[in-house]
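**Q**
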Amino acid sequence: MIELENITKIYRMGKVEVPALRGVTLNIEQGEMVAIIGASGSGKSTLMNIIGCLDKPTLGTYLLEGADVSRLNDNKLAEIRSKKLGFVFQDYNLLSRASAAANVELPLVYGGGGNRHKRALEALERVGLAGRSNHRPTELSGGEQQRVAIARALINNPSVILADEPTGNLDSASTDEIVSIFRQLNQEGITVVIVTHEMDIAQQTRRIIRLYDGKVASDEKTAVSRGDKA
Amino acid sequence: MKFIEFFKIAVQSLLSNKLRSALTMLGMIIGVGSVIILMSVGAGLQNMITSTFEELGTNLLMVQPANPEAPGIAAMAPGYATASITLDDVEAIERVRSVTGIVPANENFVKLKVGNEETTAVIHGSNSDYQRVYGFEMASGQFISEVNLARRDMVVVIGSKVAEDLFGDDDPVGQQVRIRDKRFTIIGVLAPRGLSMFGFSWDELVVTPITTYQARLFSQKTPSGEDAVQSISVQVTSAEVMDEVKEEIENILRRRHKIDEGEDDDFSVLSMEQMLGTFETITLALTVFLGMIGAISLLVGSIGIMNIMLVSVTERTREIGLRKAIGAKRRDILMQFLLEAAMLSLVGGAIGLAIAWGVSWGVSQIDLGGFTINAVVSPLIVTVAVLVSVFIGLASGIYPAMRAAGLNPIDALHYG
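Sequence lines, in order, name chains D and R.
Per this note's numbering, residue 1 is the first one in the first sequence, and the count goes up by one each step.
Per this note's numbering, residue 231 is the first one in the second sequence, and the count goes up by one each step.
1) Pull up the CB-CB distance for residue 514(R) and residue 439(R), whole angstroms please, since I reckon it's below 8 Å.
2) Report the residue ranges of all alpha helix (DSSP H) runs contained in full by the segment 115-142 of chain D; include only those spanning at least 4 residues, in chain order.
3) Taking 8 Å as the threshold (C-beta atoms), are residue 116(D) and residue 246(R) in contact?
4) Of all the beta strand (DSSP E) runs that stay within the bounds of the segment 305-381 of chain R, which reach a length of 3 or more residues?
5) Could you work out which residue in 27(D), 99(D), 83(D) and 60(D) is closest to residue 8(D) when comparing CA atoms only?
6) Just grab the DSSP bridge partners of residue 27(D) for me.
7) How many angstroms separate the CA atom of residue 279(R) from the CA atom of residue 594(R)?
8) Could you give the DSSP three-state label for residue 110(D): helix, strand or coil?
9) Shorter than 8 Å from the beta carbon of residue 18(D) to some beta carbon of chain R?
10) Are the segment 511-529 of chain R and the segment 71-83 of chain D in contact at 8 Å, needing three or more beta carbon pairs?
11) Can you tell me whether residue 243(R) is buried or exposed? The criterion is at least 16 other CB atoms within 10 Å of its CB, across all chains shown.
12) Taking the continuous beta strand (DSSP E) assigned at residue 403(R), which residues delimit it?
13) So with CB distances below 7 Å, who are the chain D contacts of residue 548(R)?
14) Between the segment 535-554 of chain R and the segment 267-277 of chain R, can you find at least three pairs of beta-carbon atoms closer than 8 Å?
15) So residue 466(R) and residue 328(R) are supposed to be a Cβ contact under 8 Å. How far apart are they, rounded?
16) Relative to the C-alpha of residue 349(R), which candidate in 629(R), 388(R), 251(R) and 533(R) has its C-alpha closest?
17) Say whether chain D places a C-beta atom closer than 8 Å to the C-beta of residue 538(R).
18) Tell me whether the beta-carbon of residue 437(R) lies closer than 8 Å to the beta-carbon of residue 414(R).
19) When we look at the beta-carbon of residue 4(D) and count the other beta-carbons within 10 Å, is it buried (16 or more) or exposed?
20) What separation, rounded to the nearest whole angstrom, lies between the Cα atoms of residue 177(D) and residue 143(D)?
21) Please say whether residue 569(R) and residue 236(R) have beta carbons closer to each other than 8 Å?
22) Going by beta-carbon coordinates alone, are residue 152(D) and residue 109(D) separated by less than 8 Å?
23) Count the other C-beta atoms from every protein chain shown that fall within 10 angstroms of the C-beta of residue 240(R), then say buried if there are 16 or more, exposed otherwise.
24) Rounded to a whole number of angstroms, what is the C-alpha to C-alpha distance between residue 434(R) and residue 394(R)?
25) Cβ closer than 7 Å: which chain D residues qualify as neighbours of residue 555(R)?
26) Taking the Cβ atom as the reference point for each residue, do residue 488(R) and residue 291(R) lie within a distance shorter than 8 Å?
27) Does the beta carbon of residue 242(R) sit closer than 8 Å to a beta carbon anywhere in chain D?
28) List the residues of chain D whose Cβ lies closer than 8 Å to the Cβ of residue 545(R), in chain order.
29) Please state whether the Cβ-Cβ distance between residue 579(R) and residue 616(R) is less than 8 Å.
30) Is the separation between the beta-carbon of residue 224(D) and that of residue 210(D) shorter than 8 Å?
31) Residues in its own chain within less than 7 Å of residue 94(D) by CB, not counting five upstream and five downstream?
32) Of all the options 604(R), 416(R), 355(R) and 581(R), which has the alpha carbon lying nearest to the alpha carbon of residue 400(R)?
33) Between 369(R), 455(R), 453(R) and 550(R), which has its C-alpha nearest residue 644(R)'s C-alpha?
34) Identify, in the order they occur along the chain, each residue of the same chain with its Cβ nearer than 6 Å to the Cβ of residue 382(R), setting aside the five sequence neighbours on each side.
35) Considering only the beta carbon of each residue, do residue 54(D) and residue 160(D) sit closer than 8 Å?
36) Which residues mark the beginning and the end of the alpha helix (DSSP H) in which residue 384(R) is found?
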């Protein structure tokens, strides 16, 4: 489903070239739940941006569901983001003046599709916020806001959900909530990729990819996937 | 479909910053408002002048003495002009083909006395064509005749206001009035007509035969000792023959005044159309000048919009990043911000238009001593205002919108 072949990303800062990724090759299959971990500067965010079609690799190929997306233009990438990917960010990125339901509907504005409000309510129900659809982000707790963001990522039925430090701003109770939602969605068949630096979160996924200095340092199945008790 | 969404987003965003939106719009309100007010008042002024000329008839030529030595337009100023036109000139012009009426007129201010009643009026020494050429109706009695003219009769026709001042509700026809200590018989009263363009009242006139005027009231001679005429109005059959007749009159007068080829004329012949054209040029220049001042405020308004849109783009960088991350294309972001700018401008323009409408209506109600400027906000002005507002919105929104659309979603998401 996600096939990365020798992905290299070099940022140019004036005359200096800074390599962020140096030949990353990995496959993520449909239905996997993967954590990408690494110290800051390891390239995990860059990898996330490339998987999320927010950025293009300098070298290498990226096949998403069999189609090469590594050389597409910005508009094509925007289309892929709106049809195949769902994003969850560390600081939720909700529109403060819009209701929860309106925030969830947002991707449909660009991706199209009818029955928006109904679909938004369904998505909110999936993350356990059925009764909160008219609340504004400021009226919700951090965990609830992140659940709204997850509902927003879900609304266009993406094949992959990409979460960038989704629990970075949350207390432990909310963190558990969010992680269990991701696990539940994964059980429903959605591929989930989480970037995190928190090991105990990574442990709850099925596979941990550790980046170091722009390369894959290790790629291991976790206890969860081996069927051990989590 | 998307457009409706963007429309909603724009409305929401403008409403979420009400004070800022209102202040930004104020620039457009003032700009559009002042341009429209100035344009409509200018148009009203022009209409007033045009209709005044049309009331007199556009197929009139004015012949006046001029000073060949005075420069430019000063040649026609009464103080500079030498008395050069005579009643014989009038007769000569009368014989020109296509001339349907000829009215010499000398004028002055006089006091009229009846018993203890007294009033001031403008007295015109003229002929029997006067009534027809200037389009007067008679309220009672009759106008001066050729016979009155030939006999230098001591008769006057008075305006309705003069009649009212001196006689109240009584019929003045047949009554005596004293002008410069001479007794005149009133033979007719003109029907009320109101004011002409410069606040001159048609109803405060007194008309007497020009022969009587020269012999008994104000004698004015040319250097050669003939009776002088201050001005001649020549009515021609139609506007088409105007130029032809004008040329012929010029030829006749040059011949009669013995002016050689290449010498300057001691008279001027102006068509009403020319005079109208001159006034229209003046009012147009005035309107354009005032409109430009208004346009400057429009420019300032549009700079305000651009400024606030730039602020808005910066403030909403993260929002833009998010929208792009979840699938918004360049074009979507561009459209959204352009729409927002256009809306600020259009709503501001609409309010400005409404205010200007009110002010123009108010101006039209002002009584400027008996006449009004009918300041009309025409559909053309409305259309122009709307188009200009939209254009300004788009023009001042395009740069901020392009900046927003060009943002890199990754950087934008991590902004601030």
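Glycine is no exception: its CB is placed at the ideal position from the N, C-alpha and C atoms.
Keep in mind it's a predicted model, so treat the numbers as computed, not measured.
**A** According to the data block:
1) A Cβ-Cβ separation of about 41 Å leaves residue 514(R) out of contact with residue 439(R) under the 8 Å criterion.
2) 116-126
3) no
4) 329-344, 347-356 and 368-371
5) It is 60(D) whose Cα lies nearest to the Cα of residue 8(D).
6) 3(D)
7) 15 Å
8) Helix.
9) Chain R, which has no Cβ nearer than 8 Å to the Cβ of residue 18(D), makes this no.
10) no
11) buried
12) Looking at the DSSP string, residue 403(R) is not in any beta strand (DSSP E), and its letter there is neither H nor E.
13) 93
14) Taking 8 Å as the limit for Cβ pairs, the verdict is that the segment 535-554 of chain R does not touch the segment 267-277 of chain R.
15) 5 Å
16) 388(R)
17) no
18) no
19) buried
20) 8 Å
21) In this structure, residue 236(R) lies near residue 569(R), with their beta-carbon atoms less than 8 Å apart.
22) no
23) buried
24) Inter-residue distance for residue 434(R) and residue 394(R) is about 10 Å (C-alpha atoms, whole angstroms).
25) 54, 81 and 87
26) At least 8 Å separates the beta-carbon of residue 488(R) from that of residue 291(R).
27) Interface residue, yes.
28) Going along chain D, no residue has its Cβ under 8 Å from residue 545(R), so there is no contact; the nearest lies around 12 Å.
29) yes
30) no
31) 103, 137, 145, 148 and 149
32) 416(R)
33) 550(R)
34) 441, 442 and 445
35) The answer is no: Cβ separation not under 8 Å.
36) Residue 384(R) -> no alpha helix (DSSP H), and no H or E assigned at all.
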